[in-house]
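See below for the structure under consideration.
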Ligand SMILES: Cc1cc2nc3c(=O)[nH]c(=O)nc-3n(C[C@H](O)[C@H](O)[C@H](O)COP(=O)(O)OP(=O)(O)OC[C@H]3O[C@@H](n4cnc5c(N)ncnc54)[C@H](O)[C@@H]3O)c2cc1C
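In this note's numbering, the protein residues as written are 34 to 346.
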């Protein structure tokens with residue numbers, strides 16, 4: 034497939050498909066978002082390298098997309114390339130280290146590894162998203178986070194160089210990872226495991242899944258927690274939002290879930306602008322009531338209207 038970019042005769046030829054004007058709303062769990070100029074699905078590392086280096090040489094920006102389960106994409110869409118990591122699904126064991134491709138679904142990887150008697154990834158079961166997204170977000174749930182099991186990751190920089198990034202505790206904290214400070218694409222991650230009992234591990238995972246079901250995680254399009262939890266605020270964000278009387282608040286077709294006040298949902302046909310306004314209004318009202326400014330957990334990406342005000346400060 035070839036991209037020809039009229040403005041500066043940008044030309045790329047890769048094996049995987051490149052879809053022009055591809056609607057992003059059905060590539061993210063919120064089901065919101067306009068078109069990508071070029072939606073690229075590299076078939077392999079060589080394709081990805083070509084995309085990154087040619088894009089960089091021609092000044093074409095890019096956004097990496099995993100499963101789109103933690104992202105709010107603008108109504109006007111994304112300029113430049115969106116790079117879909119679905120084909121980066123290599124996996125192997127080296128001793129007790131499990132090496133997983135960035136495009137693998139984290140939940141499925143957790144189930145498969147537990148079924149093989151490898152303990153460590155159970156907390157990820159039931160959480161939407163890829164291994165790449167979980168690494169970038171330092172995904173956290175059920176008392177564990179990616180940093181607890183992370184050993185190293187292979188990344189590819191926009192200039193095409195591949196680099197191995199070892200664990201450095203100073204670079205990791207609550208919902209923070211070193212990948213957030215770079216524009217590299219994560220290719221794969223290596224995770225520490227120990228021996229475990231498959232039946233027990235599966236039981237733990239099913240328990241997590243039931244807990245998510247009871248919180249309504251899967252009952253409407255959402256992107257997980259809208260705001261990060263901040264220990265300094267004394268309570269989880271959902272409790273703070275609920276105590277401010279905001280549960281059920283709706284702007285346009287975006288609403289705060291009646292089941293859990295830190296889950297913001299698309300009730301059907303919500304725009305990114307509705308959703309952003311709901312984030313902003315909630316953060317403003319909580320700040321007025323408590324003095325605390327909640328920090329959004331959902332990543333905003335794409336081309337926003339100049340009138341759109343970013344959530345957070
Ligand atoms: C129902 C539901 C429940 C959830 N529960 C939790 C939870 O309990 N805990 C939690 O932490 N999160 C939770 N989330 C949020 C989300 O599932 C995680 O953050 C997940 O790790 C995001 O992965 P993704 O592949 O969907 O990333 P995306 O949403 O596609 O991307 C998120 C960010 O990661 C970057 N990125 C993705 N892949 C790569 C890559 N290969 N290289 C470089 N950058 C990359 C993107 O550019 C973007 O900035 C939940 C979401 C939903 C919808």
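For glycine and all other residues, C-beta sits at the position ideal for the given N, C-alpha and C.
Small disclaimer: the values here were computed from a predicted structure and weren't measured.
With a contact defined as Cβ atoms closer than 8 Å, residue 146 and residue 154 qualify at about 5 Å.
Note on geometry: alpha-carbon atoms of residue 83 and residue 216 lie some 16 Å from one another. The DSSP-derived three-state label of residue 286 is coil. Assigned with DSSP and collapsed to three states, residue 205 falls in coil, not helix or strand. One Cα belongs to residue 305, the other to residue 229, and the distance between them is close to 43 Å.
Within the stretch 310 to 334, the beta strand (DSSP E) runs of at least 3 residues that lie entirely inside it are, in chain order, 332 to 334. With fewer than three CB-CB distances shorter than 8 Å, the stretch 231 to 242 does not count as touching the stretch 291 to 311.
In this structure residue 77 does not touch residue 46 by the C-beta definition: roughly 14 Å separates them, more than the 8 Å allowed. Checking the DSSP bridge columns, you'll see residue 126 partnered with 131. Between residue 284 and residue 310, the CB-CB gap stays under 7 Å.
Cβ neighbours of residue 241 within its own chain (closer than 8 Å, five residues either side excluded): 155, 156, 158, 159, 174 and 175. Counted as a single uninterrupted DSSP element, the stretch harbouring residue 120 is not any alpha helix (DSSP H), since DSSP gives it neither H nor E. As for any beta strand (DSSP E) of minimum length 3 sitting wholly inside the stretch 247 to 271, the runs are 255 to 258, ordered along the chain. Shortest Cα-Cα distance from residue 263 to any of 329, 243 and 53 involves 329. Residue 222 is bridged by DSSP to 133 and 186. Annotation: residue 218 to residue 140 spans about 20 Å, alpha carbon to alpha carbon. The beta carbon of residue 332 sits closer than 6 Å to at least one heavy atom of ligand 1. About 4 Å separates the CB atoms of residue 102 and residue 62; that is less than 8 Å, so the two are in contact.
Taking the Cβ atoms as the reference, residue 94 lies roughly 18 Å from residue 74, outside the contact range of under 8 Å. Per DSSP, the continuous beta strand (DSSP E) segment holding residue 97 begins and ends at 95 to 98. Its chain contains 245 as the residues whose beta carbon lies nearer than 8 Å to that of residue 251, once the 5 sequence neighbours on both sides are disregarded; these appear in chain order. Ranked by Cα distance from residue 281, the first of 297, 267 and 122 is 297.
Residue side-chain check: residue 102 places its Cβ nearer than 6 Å to a non-hydrogen atom of ligand 1.
Segment contact: the stretch 272 to 279 against the stretch 176 to 191, fewer than three CB-CB distances shorter than 8 Å; contact not assigned.
Residues of the same chain with a CB within less than 6 Å of the CB of residue 96, apart from the 5 flanking positions on each side, are 111, 115 and 334 in chain order. Counting C-beta atoms within 10 angstroms of its own C-beta, residue 53 has fewer than 16 neighbours from the protein chains shown and is therefore classed as exposed. The shortest C-alpha to C-alpha distance from residue 207 to any of 269, 172, 253 and 338 is the one to 172. In terms of side-chain proximity, the C-beta atom of residue 172 is found nearer than 6 Å to a non-hydrogen atom of ligand 1. For residue 141, the uninterrupted alpha helix (DSSP H) run begins and ends at 139 to 148, by DSSP. Here residue 270 is near residue 327, since their CB atoms are less than 7 Å apart. When rounded, the separation of the alpha-carbon atoms in residue 214 and residue 312 is 24 Å. No Cβ-Cβ contact shorter than 7 Å links residue 143 with residue 133.
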